[in-house]
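Notes follow once the structure below has been shown.
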Amino acid sequence: MRTFRTLATLLLALPVLAFAQDAPRPKLPEPTGLVLLSALPARADLVVHTPDLPTLLASAAEGGLGSAKAWRAAFRAQMQAWGERSGIPQTLVQGAEGMLDAADGEVLLAGLPMPAIGGPARATILAFRTSYTQKRLKKSLEAIVEGGLRTAYPGVPHAEEIHGRPVLTLPGIDDALYILVQDGLVVASDHPLAMGLLFRGLESTDGPEPAGKKLLEVRYGRGDATWTGWTYGGRESVSWRSASKGPLAVPIPNGVGPIVAVAVERPGDVPLLPVPPPSWVSGLPAHAATPVQICLPARGGLGVCGALPEGMSPPAGIAGDGTIVAGGAWSTVRGVAGDAFILGPDAGKRVRRVPGGAQRLGWLEAWASGRLDLPLLHVDRTLLKGVLDTTVHENTDFIAWTATEQAGELRGPRWHGPATFLALRTIHGIATKTAPGAAVARRAVRVPLPPSTDGGADLPKPVKPREDSEDEK
Numbered sequence: 000m001r002t003f004r005t006l007a008t009l010l011l012a013l014p015v016l017a018f019a020q021d022a023p024r025p026k027l028p029e030p031t032g033l034v035l036l037s038a039l040p041a042r043a044d045l046v047v048h049t050p051d052l053p054t055l056l057a058s059a060a061e062g063g064l065g066s067a068k069a070w071r072a073a074f075r076a077q078m079q080a081w082g083e084r085s086g087i088p089q090t091l092v093q094g095a096e097g098m099l100d101a102a103d104g105e106v107l108l109a110g111l112p113m114p115a116i117g118g119p120a121r122a123t124i125l126a127f128r129t130s131y132t133q134k135r136l137k138k139s140l141e142a143i144v145e146g147g148l149r150t151a152y153p154g155v156p157h158a159e160e161i162h163g164r165p166v167l168t169l170p171g172i173d174d175a176l177y178i179l180v181q182d183g184l185v186v187a188s189d190h191p192l193a194m195g196l197l198f199r200g201l202e203s204t205d206g207p208e209p210a211g212k213k214l215l216e217v218r219y220g221r222g223d224a225t226w227t228g229w230t231y232g233g234r235e236s237v238s239w240r241s242a243s244k245g246p247l248a249v250p251i252p253n254g255v256g257p258i259v260a261v262a263v264e265r266p267g268d269v270p271l272l273p274v275p276p277p278s279w280v281s282g283l284p285a286h287a288a289t290p291v292q293i294c295l296p297a298r299g300g301l302g303v304c305g306a307l308p309e310g311m312s313p314p315a316g317i318a319g320d321g322t323i324v325a326g327g328a329w330s331t332v333r334g335v336a337g338d339a340f341i342l343g344p345d346a347g348k349r350v351r352r353v354p355g356g357a358q359r360l361g362w363l364e365a366w367a368s369g370r371l372d373l374p375l376l377h378v379d380r381t382l383l384k385g386v387l388d389t390t391v392h393e394n395t396d397f398i399a400w401t402a403t404e405q406a407g408e409l410r411g412p413r414w415h416g417p418a419t420f421l422a423l424r425t426i427h428g429i430a431t432k433t434a435p436g437a438a439v440a441r442r443a444v445r446v447p448l449p450p451s452t453d454g455g456a457d458l459p460k461p462v463k464p465r466e467d468s469e470d471e472k
C-alpha cells in the first residue's frame, strides 16, 4: 500500500488527482504514442495506458467532470497533507506539481506478477514520456524525495544500475522504490526486475508508434480471461470472451438506482464493477439459466435484477434484502454487513431492459460520499467536494450502454461508459495488488504511516552488550 501511495505521488495517474493537470504545455514536440505500451512485459495483467494524457484530461473537462482549477486545488491540498509528515510540505507540493506538469505525453500504469525475489509478488510500474529534460526532472524529483518519500523510505538513497540504466534507489524497511529520470522519460517501480523488463522492451521499440484517435486502453487479465477497454474520440467500448450465444439485455426495475449495472449470465464478480464485490455475490438469488444484472445501487449494497417468467415467483432472498417485483421483472438488493436495503422512490413503477449502463457522475459522487472506496489509501475523499461543485449536474440520469451483435462487447459514452469502469477496477487491482480473477476480493489494509520527522525525541544509539550480561551467561 505504501509503495503505491508513493508512486502515485510521483505521477498521480489516478482520476482523483490527474485531472489537475492544467499548466501550459511546453512548445516542444509532444512525446505521445504507444512506445511504453509496446515495451510493457507480456506478463502484465493489469494495464491502464493513455497515449496522450493532456488530451485525455481535456476530454474530462469537456465531459463535465469538474474544472481543472478545482482538481488542482484538491491536488495541492492532498500533497500538503502528505507532506506534513516531513515538516516541509510545500517542498512536496512544488515537486509533485512539477512532476505532474512533466507528464505531457504517453502515460502507463501497470501491475504484473513477479518472482518474490528482490521485490513484492506483484510489481507496480508507473512510467511516462515527457518533453522535459533530465535536469528539469531532477529538480522536481529531489523536492519529492525530501518533501515526502524520505518519510516512507528512511534508508540512504543511492544509485544503482538496472539493465544498463542508472536509477535512484530509495530503501525502505522491508521494500524499496526505484526511480529513473532521463531526457524524455520517467519510470518508477517497486520491483527491479519489472523495471528491467520494461527497459529491455524499450530497446526493441521502433519509432513513435502513433495511436490515432485512441485516448485510453485498459487491460484486465490475460489470455482468454482478458477484458479490454478502449476510448476512441467520444466513445468507449469493452470486449471480453463471452460464453453467451448473443448479447444480453436484462430489465432493471425502477427504484434500484444503480451507479453501474452489467448484464451477465449468472451472479458473480464482473470487472466492470469499480471495486471487487463481497464474496457473497455468487450466492445472490437468481433463476437458473436466466441472465441477470449485477448492480451497485447508489444507496449501498449490491444486487441482482432479472426477468420474471410468467407464473414464476422471484428468487427467495434473506431477511433484510430489498425486493421489487414489477412489469415482468424482479430485483433483490442486499445491504452491506446485513443492513436492510432501503428502496428508492417509485420503486417498481417502471422497468428498463438494458445490457448495462451507469449513472452520469455516479462513480465520482460515490467516491466523494464514501459509497465506493478510493483505490488509493490515505487520500482525503472530502477534497472531492470542491470538484463536484464544478461538475455539470444538468443530467445525472442512468445512461444505458449499447451491446453489439457480438456477445461480450459493450459501448457507451466517454467517461460514463464501460471502459471508464474497467479502468477504475483495474486501478483498484493495481493499488491493492490483487490479481485479476481472485476467488475472494482482498480488502486493502491501512498501513500505519511512519513517524513524522518534524519533532520528537531522538532514540539513543545502539550499544554492544556487556560481556558479563545475562545473554552471555
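Under numbering that gives the first Met the number 0, the first residue of the sequence shown is numbered 0, with each subsequent residue one higher. From the three backbone atoms N, C-alpha and C, an ideal C-beta is built for every residue, glycine too.
Closer than 8 angstroms: residue i CB and nearest the ligand NAP heavy atom
i    : result
G305 : Absence of the ligand NAP from the depicted structure is noted, as is the absence of any ligand whatsoever, leaving it without description.
Own chain partners of residue i with C-beta closer than 7 angstroms, once the 5 adjacent residues on each side are dropped
i    : result
T307 : One detail in the question is off: residue 307 reads as Leu in this sequence, not Thr. Taken in chain order, the residues that qualify are P313, V324, G327, A328 and W329.
P30  : G104, E105, R128, T129, S130 and G183
A315 : P284
K244 : A406
Q79  : P88 and V92
L421 : V217, Y219, W226, G228, V237, P270 and L271
G436 : G220 and A224
S474 : Past the boundaries of the shown model lies residue 474; the chain is included only from 0 to 472, so the question cannot be answered.
K137 : V180
Cut-off 6 angstroms between Cβ atoms - residues of its own chain near residue i, not counting five sequence neighbours on either side
i    : result
P207 : G32
L140 : V180
V46  : A109 and R218
D453 : Reliability of the predicted coordinates at D453 is poor, the pLDDT of 44 falling under 50, and no value is obtained from them.
P374 : I426, H427 and A430
R265 : none
L107 : L35, H48 and A126
M209 : Sequence check: residue 209 is Pro here, not Met. Cβ neighbours of P209 beyond the five flanking positions: G32.
V261 : V269, L271, I293 and G355
W239 : W226 and G407
Opposing strand residues paired with residue i [DSSP bridges]
i    : result
R42  : Bridge partners of R42: none, in fact.
P412 : R234
D48  : The residue you asked about is not Asp; residue 48 is His in the sequence shown. Answer is L107 and E216.
I398 : A357
T331 : V303 and T322
Q292 : A262 and C304
V477 : Beyond the ends of the chain as shown, which are 0 and 472, falls residue 477; an answer cannot be given.
P257 : P296
I251 : R351
G228 : V217 and V237
For residue j and residue i, believed in contact at Cβ under 8 angstroms, the rounded distance
i    : j    : result
T132 : R84  : Their Cβ separation, rounded to whole angstroms, is 30 angstroms, which puts T132 and R84 out of contact at 8 angstroms.
D372 : V259 : The Cβ separation is near 15 angstroms, so there is no contact.
V255 : G302 : 7 angstroms
T230 : A402 : Contact flag wrong, Cβ pair sits at about 18 angstroms.
L167 : G154 : At roughly 12 angstroms, the Cβ-Cβ gap does not stay under 8 angstroms, so L167 and G154 are not in contact.
L492 : L39  : There is no way to answer for residue 492, as the model of the chain reaches only from 0 to 472.
A73  : L363 : Not confirmed; about 12 angstroms, so no contact.
L192 : G118 : 7 angstroms
T54  : L214 : 6 angstroms
G334 : G299 : 6 angstroms
S37  : T289 : Not really, about 43 angstroms apart at Cβ, beyond 8 angstroms.
I143 : A95  : 6 angstroms
Buried versus exposed call for residue i [16 or more other C-beta atoms within 10 Å across all chains shown]
i    : result
E216 : buried
D51  : buried
R42  : exposed
G146 : buried
V185 : buried
P88  : buried
M194 : buried
A318 : exposed
A158 : exposed
D396 : exposed
G163 : exposed
M537 : An answer regarding residue 537 cannot be provided, because it is not within the stretch 0 to 472 covered by the chain.
G82  : buried
D173 : exposed
G321 : buried
A367 : buried
I116 : exposed
E202 : exposed
Close-in-space but distant-in-sequence residues of the same chain around residue i (CB under 8 angstroms, 5 per side omitted)
i    : result
S468 : Note on S468: pLDDT 43, under 50, position unreliable in the model; the coordinate value appears next. Closer than 8 angstroms at Cβ, skipping near neighbours: no residue.
W400 : V353, P354, G355, G356, A357, L409, R410, G411, G416 and P417
G369 : R380
Q77  : L16, V378, D379 and L382
Next item on the list: Taking only runs that begin and end inside the segment 118 to 183, name each unbroken alpha helix (DSSP H) of 4 or more residues, in chain order.
Entry: The segment 118 to 183 contains these whole alpha helix (DSSP H) runs: 133 to 143.
Next item on the list: Pick out the complete beta strand (DSSP E) segments inside the segment 51 to 128, 3 residues or longer, and give them in chain order.
Entry: As far as the segment 51 to 128 is concerned, its whole beta strand (DSSP E) runs of at least 3 residues are 106 to 112 and 121 to 128.
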